[in-house]
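Some notes on the structure that comes next.
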Amino acid sequence: MHDKRNSTRFHVLILVFIVWAFVLGLQLKPLNCFSTLLNVQVGDPLLPPNLLPPLLQNSLSIAVSEQKGFVSPNNIPLARQAGPATLELKLFGFIPLPKLVLNVVPPVYVVPGGHSIGVMVNHQGIIVVGIAPIFDDAGRKESPAHQAGINTGDVILQINEQKLRSSRQMQQIIDRAGQQRLMFTVLHQGKVKKIAVQPVYCQQSKRYRIGLYVRDGASGVGTLSFYHPVSGIYGALGHIIADQDTGIKIKPSKGAIFEARVVNIHMGRSGQPGEKVGRFVARGAITGSITSNTSLGIFGHLEKPVFNPYFASPIPVAMSYQVQKGPAELYTVLSGQQIRCFAVEVVDVLPPFMQRQGKGMIIRVTDPELLATTGGIIQGMSGSPIVQQGRLIGVVTHVFLNKPEQGYAAMAEWMVEKAGLWEREKNKKTTAADRAA
Numbered sequence: 021m022h023d024k025r026n027s028t029r030f031h032v033l034i035l036v037f038i039v040w041a042f043v044l045g046l047q048l049k050p051l052n053c054f055s056t057l058l059n060v061q062v063g064d065p066l067l068p069p070n071l072l073p074p075l076l077q078n079s080l081s082i083a084v085s086e087q088k089g090f091v092s093p094n095n096i097p098l099a100r101q102a103g104p105a106t107l108e109l110k111l112f113g114f115i116p117l118p119k120l121v122l123n124v125v126p127p128v129y130v131v132p133g134g135h136s137i138g139v140m141v142n143h144q145g146i147i148v149v150g151i152a153p154i155f156d157d158a159g160r161k162e163s164p165a166h167q168a169g170i171n172t173g174d175v176i177l178q179i180n181e182q183k184l185r186s187s188r189q190m191q192q193i194i195d196r197a198g199q200q201r202l203m204f205t206v207l208h209q210g211k212v213k214k215i216a217v218q219p220v221y222c223q224q225s226k227r228y229r230i231g232l233y234v235r236d237g238a239s240g241v242g243t244l245s246f247y248h249p250v251s252g253i254y255g256a257l258g259h260i261i262a263d264q265d266t267g268i269k270i271k272p273s274k275g276a277i278f279e280a281r282v283v284n285i286h287m288g289r290s291g292q293p294g295e296k297v298g299r300f301v302a303r304g305a306i307t308g309s310i311t312s313n314t315s316l317g318i319f320g321h322l323e324k325p326v327f328n329p330y331f332a333s334p335i336p337v338a339m340s341y342q343v344q345k346g347p348a349e350l351y352t353v354l355s356g357q358q359i360r361c362f363a364v365e366v367v368d369v370l371p372p373f374m375q376r377q378g379k380g381m382i383i384r385v386t387d388p389e390l391l392a393t394t395g396g397i398i399q400g401m402s403g404s405p406i407v408q409q410g411r412l413i414g415v416v417t418h419v420f421l422n423k424p425e426q427g428y429a430a431m432a433e434w435m436v437e438k439a440g441l442w443e444r445e446k447n448k449k450t451t452a453a454d455r456a457a
């Protein structure tokens, strides 16, 4: 009887251990996700508590290298200085877990945007957006460029070793060549090719043509996301600028942003996105260059500082782990050039692997006036900054077509990284003591 009772206890203990191991495995998942985030701010815990359930946090022992003089309250060390930090984790003090290599970054302070901007950018090369058939002297329909191997989506970089900067320049080269064969340097699906094309005389236009529709850039209206007053760097849009017909990312040879005035609003409805209608403002308060076009927006330098009437001084940029579900404020322009503040809600904070795709959180417009005016999130609102508890947490990027009151927002943390602001701040050798001062 005694042996039977012991056997029962043993099997119960095995069952409890299996259940406990399963639960612990679930607890470890946030830790694995966090390892892909890489970034922790100076002065914050190296493993922020809200990412670790209490069961896991209380069972870990943590050793840190590359961080001198760290403090360890509640068994979680604080990041003391910008730079790498390697965490050696042990469960219950003796079961080793995979090492985590984190990037400790300095705090960054910016002026939130909300300003309406006009964007103009020229592509490095000429984008082929369609085939334009030509009728020759015999009435035959042809496209010599397409027949030679140039297709929609290709980028024409050079003609006869001459770099192309505009579609007008391209047509001038063809006009001068007449019937002479031209050598095109073309970017096709990531590979550079040389293709010979002989222009054909078009009876309709009375000039030599090669039979393509082309585009050399893009323009539109968006929203300024933030301005870094120390460096003069700005971020805007929160998403990449791509050609509207081919979807190709535009690599800017040159580009600029200008202040814009919102003159009309096309209200969004389910299945039909709305739009801000804007006009560029001549000699406006905002002018700047475009130096990069990325998956998280455009970046460059402003010629002079910009101001947001809602913020007397710059505010901190939030880390992803500081963003919480709940109320927040969105800043954007609905009429003229006046920035307005509207209520929104952070519905969900998405996993780290989606944050780098510009989808860091899901937001919902809750402000009655904004809903009545726009129906929710509309085109031209991309880049509008979102502030929560005095921090810039993200910017609007996409709308849900069937639920225009909801959409995605990119994390401000990742935009700051793309803008190179952490590297600038690291040069100041920021420490936790500096931040406390």
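If you use the numbering used here, the sequence shown corresponds to residues 21 to 457, in order.
For every residue, glycine included, the Cβ atom is placed at its ideal position computed from N, Cα and C.
Cβ-Cβ distance between residue i and residue j below 8 Å
i, j, result
"Ile137", "Ala256", "yes"
"Leu412", "Ala432", "yes"
"Ala348", "Glu323", "no"
"Pro164", "Val125", "no"
"Pro293", "Leu421", "yes"
"Pro132", "Phe331", "yes"
"Val130", "Ala99", "no"
"Gly317", "Ile310", "no"
"Pro325", "Tyr247", "yes"
"Val121", "Pro97", "no"
"Asn328", "Lys269", "no"
"Gly298", "Pro424", "no"
"Val343", "Met381", "yes"
"Ile146", "Val234", "yes"
"Ile151", "Gly231", "yes"
"Arg384", "Val369", "no"
Where the beta strand (DSSP E) through residue i begins and ends
i, result
"Ile306", "First-last for Ile306: undefined, no H or E at that position."
"His418", "Arg411 to Phe420"
"Gln426", "Lys423 to Met431"
"Glu323", "Where Glu323 is concerned, there is no enclosing beta strand (DSSP E), given that its DSSP letter is neither H nor E."
"Lys214", "Lys211 to Val217"
"Leu177", "Val175 to Ile179"
"Gln408", "Pro405 to Gln408"
"Pro132", "Tyr129 to Pro132"
Cross-strand partners of residue i (DSSP beta bridge)
i, result
"His143", "Pro272"
"Glu162", "Ile154"
"Val124", "Val60 and Gly103"
"Gln191", "Partner(s): none; Gln191 has no beta bridge."
"Gln182", "Ile179"
"Val148", "Val234"
"Gly400", "None; Gly400 has no bridge partner."
First through last residue of the alpha helix (DSSP H) which encompasses residue i
i, result
"Ala102", "Where Ala102 is concerned, there is no enclosing alpha helix (DSSP H), given that its DSSP letter is neither H nor E."
"Met203", "Not the alpha helix (DSSP H): Met203 falls in the beta strand (DSSP E), residues Leu202 to His208."
"Leu316", "Careful: Leu316 lies outside any alpha helix (DSSP H) and carries neither H nor E."
"Arg444", "Leu441 to Lys446"
Nonlocal neighbours in the same chain, by C-beta distance under 8 Å from residue i, ignoring five residues either side
i, result
"His31", "Note on His31: pLDDT 45, under 50, position unreliable in the model; the coordinate value appears next. Around His31: no qualifying Cβ."
"Glu443", "none"
"Gln182", "Ile193"
Own chain, CB closer than 6 Å to residue i, minus 5 neighbours either side, in chain order
i, result
"Ala305", "Glu279"
"Ile277", "Ile137, Val139 and Gly308"
7 Å CB neighbourhood of residue i in its chain, flanking five on each side removed
i, result
"Thr451", "Here Thr451 scores only 43 on pLDDT, less than 50, and its place in the model is too uncertain to base an answer on."
"Gly242", "Ile137, Val139, Ala256, Leu257, Gly400, Ser402 and Gly403"
"Ser355", "Val282"
"Gly89", "Residue placement at Gly89 is poorly supported in this model, since its pLDDT is 49, which falls under 50; the coordinates still yield a value, given next. Counting only Cβ-Cβ distances below 7 Å, and skipping sequence neighbours, we find Arg100."
"Lys274", "Asn142"
Residue i CB to nearest heavy atom of the ligand GTP below 7 Å
i, result
"Gly317", "Questions concerning the ligand GTP fall outside what the structure shown contains, since it holds no ligand whatsoever."
is_contact[residue i, chain B] using C-beta, thresh 8 Å
i, result
"Ala430", "Absent from the structure is chain B; it holds one protein chain and no more."
Entirely enclosed beta strand (DSSP E) segments - the region 223-301, minimum 3 residues: List check, beta strand (DSSP E) in window: 227-229, 232-248, 253-256, 272-286 and 295-300.
Those runs of the beta strand (DSSP E) which lie wholly inside the region 324-396 and span at least 3 residues: Listed in chain order, the complete beta strand (DSSP E) runs (minimum 3 residues) inside the region 324-396 are 346-353, 359-369 and 381-385.
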